[in-house]
Every structure is written in structure tokens, then in C-alpha cells.
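Enquirer: Taken in sequence, the protein lines are chains A and B.
Sequential numbering from 595 applies to the first sequence in this note's numbering.
Sequential numbering from 6 applies to the second sequence in this note's numbering.
Yeah, the Cβ is synthetic: ideal placement off N, Cα and C, and Gly gets one too.
If you're wondering where the values come from, they're calculated on a predicted model, not measured in any experiment.
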Amino acid sequence: MRKKSPSKKTELLSGNEAIARGAYEAGVTIASGYPGTPSTEILENLATYEGIDSEWAPNEKVALEVCLGASFAGVRALSTMKHVGLNVAADPLFTSAYTGVQGGLVVITADDPEMHSSQNEQDNRNYAFAAKIPMLEPADAAEAKEFTKTAFALSEKFDTPFLLRTTTRVSHVKGIVPIGKKETPPVKPGIRKIPQKFVMLPVNARKRRIDLEKRMHDLQDFAETFEENKIEWGDKKKGFITSGVSYLYVKEAFPDASVLKLGMVFPFPEKMIRRFARAVKDLYIVEELDPFIELHVKAMGIKCRGKDLIPAYGELNSYIVKQSITKRKGAKLFKPLEIPMRPPNLCPGCPHRGLFHVLTKFNVFISGDIGCYTLAALKPLSAMDTCVCMGASIGVAFGMEKALGKDSLGKIVAVIGDSTFMHSGVTGLMNIVYNGGFSTVIILDNSTTGMTGHQPNPSTGITISGEPGRSVNIEALCRAIGVNHVHTVNPHDLAHTEKILKAEIDRPEPSVVITQYPCVLLPEMKKRQNKPLYSIVSENCTGCRACLKIGCPAIEWVPLSPKEAKEQGFKPKQKGYSRINSVLCDGCAQCVTLCKFSAIVLEEAENE
Amino acid sequence: MSDNGKNILICGVGGQGILLASEITAYALIKAGFDVKKSEVHGMAQRGGSVVAHLKYGDKVYSPIIEPGKADIEVAFEMLESARYLPYLHKKSRVIVNTQKIYPPSVTTGIETYPDDILDRLTEKNISVMPLDAFDIARSLGETRAVNMVLVGALSSFLPVEEKVFKSVINERVRENFRAVNMKAFQKGREIIMTSREETD
């Protein structure tokens, strides 16, 4: 048994939970963001604290603007988003560097090296440089909490928003975090009219631009003495400059080496870097993704090694760091076995599956978007032809239509989820109407933001804390934009969905089809009583595989050898038969109509 | 028990309760006085895909990720998954495998077959494999969702943490209506591995 640590209260928290705790302890009262892996749990967690107005915004731009307003009104505000979300919020971000703040303003950017759940792996440290906004980067959950508190204090001290960057291995790593008390922020709420600071007309902005330059110099001086920029002297043959989770990989790979850990990755403590570089023999920069620190160190005229040794893509780990730098072969590893892959899949009973199955019949180009339904791109549905960013499906479909002209009628559709449509699809639809298109937009309304773990959105009308709010009616919204043909269908009803889609895809006018059915993972759907259960009468199954086309995890193919086929009473040539896994079947009945031999039957109502 | 720390890789299929299992184990290790880090992946990975959690404990844990070739214990919640992370294992790794099979999409759609020699392919590398049918055990206890706690029980027998510490964590962390069955599941998993170790060790 180990000795218990002294009395200080600790908890096992993820980086995201720790940021929420840090924001609470810093006296934050307003928080707004948009869900996105790996950032989502920050706001969800913050919503459980008393006295904080934590909200999901329709998108990251709105979220940051809300927080900027809260800051102008003199309260501390936290805005959270994933890396690509900051692209959406970049507009207010850049000018917020000019306006500065009243109450502390901290923006979390959660980057996703290795693209565990993202469409790109952009390095958002570049935003700090481009927007001239200082950035802190914690290495683990304990630092995530402390750095969040520090960022609020510094935000007010230097009159600037602060960026706090995490990566997946900070956001989703749990570690032991000391718990502190809630502080009262020094700023007081109230309306202050300060046009020279808040009204960025060129005449004011030009003055603020000069202030901004001075602020960056002040911050650079501050970086030299900032206690989270620190040198850990060790063996001076090798010296490492690093930050964030990469610091932990360096400590594990080279426990005896000297390390300069940057808690603030922008602006840089140049004197400290020079002092460190002079003292060590070989200088290495270890960072995930871009050579952000490396380029700066090189621009200072300091010789160092970095991306010439360490990959500029994907996640690092202590093994990669060690191998890249020593070039020594490590212990021999077992080679991976060739076994079937297990990619993520649409759930049994997923309403999206019905829509995509119907779409595959039309042989249309499917301009896709970001959400669970992006998984329809995988086999066997293979029903998505583009996926770029939130909301892109509609603009891309329309652009293709414009490029190809009338020939493209009936050949292109856009598919987009309810939350994604609220986020940034609405404007694309306006554009189709305004510029005279005929693209068909299919809105997959499953009453939630599925992929990120079921967050409500403006169309569900439920708030982050589960309270009922007012909801946006998607159908009425589309009509208000000027779409005259709007239909709502149940995607489990394949025949009706097919009939409506056929008419709308061929229509030479803008049209919207809303496929509406709740996600099966929503609590009210999980709690359903007497779910129907389907099974396959194996004597009727001819092994035609039609039911397998929808890729439902509950339908399993059982292969048969000629001998087995004969023994089990099938035709000798039958290669196998399908069966339904009763544990997985959700009773959606999509498969029933696919079987021409009436082999799929309603078995019984399942009593739970 | 003397133990300077180990790396535990917990893998399976999204929805099997891997996060709660690793959470319970992490809390038990913290109560025993260790530093602990636990890494997991959310989002895309959870829709029935392959899921892995890294759990490391010791006097001081830096990197949250286990290096290839450095996982001392692997707990596989599904048989096929036990083989997926082979490059993380070393010759002295202990592998606890739930022999439950969950078919991946390529198998359910008949493109590939589920390999029937998975455990042999591990044992032929001299890796110590301990199979148990956690799903069957959980079902016999009347709660198939307790698979994860059977496996926590099995894992617990390799950790320098007293049984009562695990039980107190289960008491604190599991919802009241599931507590009793989870406690039984833990007990059962622990006993099975203890017995099989006495026979083989």
C-alpha cells in the first residue's frame, strides 16, 4: 500500500471536467459553446455547477459573441469549441483582440491530433499567432484546471481574451486534480459605454491596433517571468523545448534531460529560450503537429532539431519521441494480426439507415455533412460522396448544380442533420432559394446532436440542463426562407420516404425533405416498453442477402458449407442464411420490406 | 504487495461499459495511494467501433498513453478485440479475455468470417491468456450489463489493491439499484481468475 497524499482534497477528473472546475473556481457566470469532440464535456460539466449560465449556442461564432458580450458587461465568460469550431468563431476572435475585455474571457480550443473524431488536424496554436491572442497549453487535467483560472486573471490583467488549447490526450485523460474554492472576480458587472474600445470603426480600430502591439510586447516580457514557463535542469547534453501533452512524452522518454516547458505557447519568452539553448548541447523541439515553437526558435537564429526528426502529423507518444531522436531500434514489437476491422457503424434502429438505403436506389450524388450520418459513407451503404465541414453539404450541392446546369437535375442531393442545419446549414439553404437553384436538401432530424453524445439544439427546444425552452420549427423555417416544397417523412417507412424523395429530387425548384424520427439512444427511446422484436424464419430465407444491404448490426450472415446446407435442410447451393440478433434488434422494421420471401417476421413484443 | 506501477490496456466494443470499468479500477488504485492516468477516446469511436482505454499507475505517471510493447495487462471485453492491440503487448503480458463474440460489420454482412483461432494466435506467442465467459456469468446473475464488473473483478486479482478497496469504490460509484448485482459480478470474476491462476501458477 502506498501512503495517502496529505489532506488536500482531490478528484479524478478529465481535462474537460478540470477546465469546468477551473472555470467554476474562477467565478465564471456565463459559458457558451457548440458540441464537438474533444471539447464537449466542458460545457456539459459546467452546467452541473450552481450559479453558472451554461448554454449550447447554435454555432461557435454565436457562442464566442455571447461570451464577448458577457465580458463587455463585466463578468467572466468561457467559450468552448473543438479546433474546427474556432474557424467558425474566427471572425469575432480576431477583432476581440482589438476590443479587449472587461470581465475575463477565455476561449477553449480542443484540438484533435490523429483525427480521432475530426475531419482535419489543424494546429490551432497558429490562431494565437495570427489573431495576436495569448495562449496557454496545459499538459494534464491538474494543469487544465489551474491554467483555466490563470487565464481568467491574466485576461483581465492584460485586457485581452486568452486562448487555452487542449488536445484529445489532455481533454480525455483523467488524472488526479486538487480541488480549490470558488473565487469572486475583481470586475463588477454593469453597462459601460467605452466606444473607443468597443466600437471598431477604423478610426478606433487603428488606435487599438497600436495598443494591441504594445500589449503583445508587455505579454512577451511577462512570459519571461510567468511561473508556468519553466526550466527543469537535468543532463545538459540534451535539452528539450516542449509544451502540452508532448512535455509528458519527453519526461517519459528522456527522464534525465533538461526541459524547458512552455505553459504559455504564445507569445514566447525569448530570453528564457536563449538562456536554455546556450546551456544545452543539443536542442530539440518536441511538439505535436506543426513546427510552431520550432519556427520561432529558428527565427531567433538558434540551431535546433524538430520536425526533421519527429512527424508533423498524428499524435505523438513517448515511444515515437524516443525512437525519432535516438534513432536506436527499440525492443522488437509483436506485429499486428490481420483480423477484421471494427469501424464505427450506425446503430441498430438508427432512423438514418432507412433514408440512406432509399437514396442508394436513386443513384444520386450525395453531398454530405458532419454527424453520425457521415458513417453512411462506409460499406455497405456507401451513401455519401462528400464531407467537408459543418454545413458544407448544401453549398457544395448547389455549387455542383450551378457547374453542371440543367443536366444535374435529379442527380444531386444534400444531406444534413438537424443540429448541423441549425449550426450553418440555414444560410446555405437561403442561398439556394435566393440564387434560383433546384437542389434538394434532406434534413435528418433525429431530435439531437448524436455523434457528440446527445446534446440538445435550438430545434429540439431543450436547454443544456434539460429544461424545456422554445424550439425552432425546421419545417416553418424552411418555408419562411422561401422553399415552397417542404415534406416531413418517417424514414423507417421506406416506401413513403422513397415516393416523396423521388418527386422532390426531380423537382426543378428548391425542395426540402425532413426525415423525422428520434435517435434510438435518446433516453426516452431507450425506455420504450414492448419494443417489437423481429426474427428470420430460416426455412424461408433463400440466402439472397437483400437484408444485408442496409448494414444493420443486428442482422447477421451465417455462412454454410454445402454439407452444412444439406444437413440443415437448405438447398445444397445456398451459401448461407441471415438471422437477427435479438439482443441488438431495436424493432425498427426497416428490414421487413427488404425481404421478398417474407422471411422476416414480427416475433413478439419484448417486455422489459 | 510490492508494485512500482503497471500499464493496463482495456479494450472492447463501444457500449460494453469499458469507461465505467476503467473508472472503478482507477479510483481503487488512487485509494491505494498510486498516481493514476487514464486515457480514453470519445465521439466517433463509440458507435459500435473498437474502443480502447489506457490506464497507468505508479508513484508518478507522466505520459497518459501506453507505449507499444509496454502493456503489462490487457483486459479484452470481446474476443476479437483481444488481438487488435497485439503490438502493445510484450511476452510477459497477462491477457484477460471475455470470450463473448460481437460480430464486426464485415462479418455480419458476410464479407469476412469471425476468426476462430484468436486465442491460439496469442498463446502461440507465449502470451499468458486467461479466457472467461463474462457475458454468460453476467447473464446467470440476471444482468447482462454487469459484464464490465465481472472483468473488473478478474483484473483486480492482478493489482496491488485490497479487495475491500474495490468493493468500497463499487459502493460509491455504482447506482444503488445496480450495486448488489455488480458486487456479485465483481466477486465472480475475481474468483474465477484467482482459481485459474492457482491452477496454472
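1) Less than 8 angstroms between the beta carbons of Ser1105(A) and Thr1034(A), yes or no?
2) On a Cα-Cα basis, can you pick out the residue from Gly194(B), Arg144(B), Met154(B), Val57(B) that is closest to Lys29(B)?
3) Residues of the stretch 132-150 of chain B with a CB closer than 8 angstroms to any CB of chain A: list them in chain order, please.
4) Going along chain B, which residues have a C-beta under 8 angstroms from His946(A)?
5) So with CB distances below 8 angstroms, who are the chain A contacts of Leu94(B)?
6) What's the gap between the Cα of Asn1201(A) and the Cα of Gly19(B)?
7) With a threshold of 8 angstroms between beta carbons, is Lys768(A) in contact with chain B?
8) Confirm the yes/no value for this check: CB of Arg615(A), any heavy atom of the ligand GTP, distance under 7 angstroms.
9) Counting along the chain, where does the beta strand (DSSP E) carrying Leu856(A) start and finish?
10) Going by C-alpha to C-alpha distance, which of Arg180(B), Ile70(B), Leu146(B), Glu129(B) sits closest to Lys561(A)?
11) May I ask you to report which of helix, strand or coil DSSP gives Asn823(A)?
12) Would a C-beta distance cut-off of 8 angstroms place Glu72(B) and Tyr907(A) closer than the cut-off?
13) Is any beta-carbon of chain B found at less than 8 angstroms from that of Glu654(A)?
14) Quick one: does Asn12(B) have its CB under 8 angstroms from some CB of chain A?
15) 8 angstroms is my cut-off, CB to CB: does Ala81(B) come that close to chain A?
16) Pull up the distance between the alpha-carbon of Glu635(A) and that of His766(A), whole angstroms please.
17) Return yes when the Cβ of Phe688(A) is within less than 8 angstroms of the Cβ of Ala736(A), no when it is not.
18) Buried or exposed: where does Arg802(A) fall if 16 or more other Cβ atoms within 10 Å of its Cβ makes it buried?
19) Between the Cα of Ile175(B) and the Cα atoms of Asn12(B), Asn182(B), Asn187(B), Pro165(B), which residue gives the shortest distance?
20) One question on the structure: do Gly208(B) and Asn939(A) come within less than 8 angstroms of each other, judged by their Cβ atoms?
21) Taking the straight line between their C-alpha atoms, what separation do you get for Leu1038(A) and Val1195(A)?
22) Ordered along the chain, which non-local residues of its own chain (more than five positions away) have a Cβ less than 7 angstroms from that of Asn9(B)?
23) Are three or more beta carbon pairs between the stretch 1122-1134 of chain A and the stretch 1066-1075 of chain A nearer than 8 angstroms?
24) Output, in chain order, the set of chain B residues within a Cβ distance shorter than 8 angstroms of Asn939(A).
25) For Lys926(A), which of helix, strand or coil comes out of DSSP?
26) Leaving out five residues before and five after Pro1102(A) in sequence, what residues of the same chain have Cβ atoms less than 7 angstroms from its Cβ?
27) Where Phe870(A) and Glu654(A) are concerned, what is the direct C-alpha to C-alpha distance, given to the nearest angstrom?
28) Roughly how many angstroms lie between the CA atoms of His21(B) and Cys981(A), to the nearest whole one?
29) Using a threshold of 8 angstroms, state whether the C-beta atoms of Ile702(A) and Ile646(A) are closer than that.
30) Take Val1219(A) and list the residues in its own chain whose beta-carbon comes closer than 7 angstroms to its own, dropping the five residues that flank it on each side.
31) Could you compute how far the alpha carbon of Asn1084(A) sits from the alpha carbon of Asp1012(A)?
32) Using 8 angstroms as the threshold, is the C-beta distance between Cys1141(A) and Ser1172(A) below it?
33) Check whether the stretch 748-764 of chain A touches the stretch 887-906 of chain A, counting contact only when three or more Cβ pairs, one atom from each stretch, lie closer than 8 angstroms.
34) Rounded to the nearest angstrom, what separates Ile804(A) and Leu662(A) at their Cα positions?
35) Comparing the C-beta of His710(A) with each C-beta of chain B, is any distance below 8 angstroms?
36) Which residues, in chain order, does the stretch 825-847 of chain A contribute to contact with chain B at a C-beta distance below 9 angstroms?
Expert: In this structure, then:
1) yes
2) Note that residue 29(B) is Ile in the sequence shown, not Lys. Looking at the Cα atoms, Met154(B) is the closest of the given residues.
3) Thr149
4) None at all; the shortest Cβ gap to chain B is about 11 angstroms.
5) Phe928
6) The predicted position of Asn1201(A) is uncertain, since its pLDDT is 45 and thus under 50; a value taken from the coordinates is nonetheless stated next. Cα-Cα distance, rounded: 25 angstroms.
7) yes
8) Among the ligands in the structure shown, none appear at all, so the ligand GTP cannot be discussed.
9) 851-856
10) In the structure as shown, chain A starts at 595 and stops at 1202, and residue 561(A) therefore has no counterpart that could be examined.
11) strand
12) no
13) no
14) no
15) no
16) 9 angstroms
17) no
18) buried
19) Asn187(B)
20) The question about residue 208(B) has no answer, for chain B in this structure spans 6 to 206.
21) 28 angstroms
22) Gly63, Asp64
23) no
24) Arg52, Gly53, Gly54, Pro110
25) coil
26) Leu1003, Phe1032
27) 39 angstroms
28) A quick correction: the sequence has Gln, not His, at residue 21(B). Their backbone Cα atoms lie some 29 angstroms apart in a straight line.
29) no
30) No information on residue 1219(A) is available, as it lies outside the stretch 595 to 1202 that chain A covers here.
31) 14 angstroms
32) yes
33) no
34) 21 angstroms
35) yes
36) Val839, Tyr841, Leu842, Tyr843, Val844, Lys845, Glu846, Ala847
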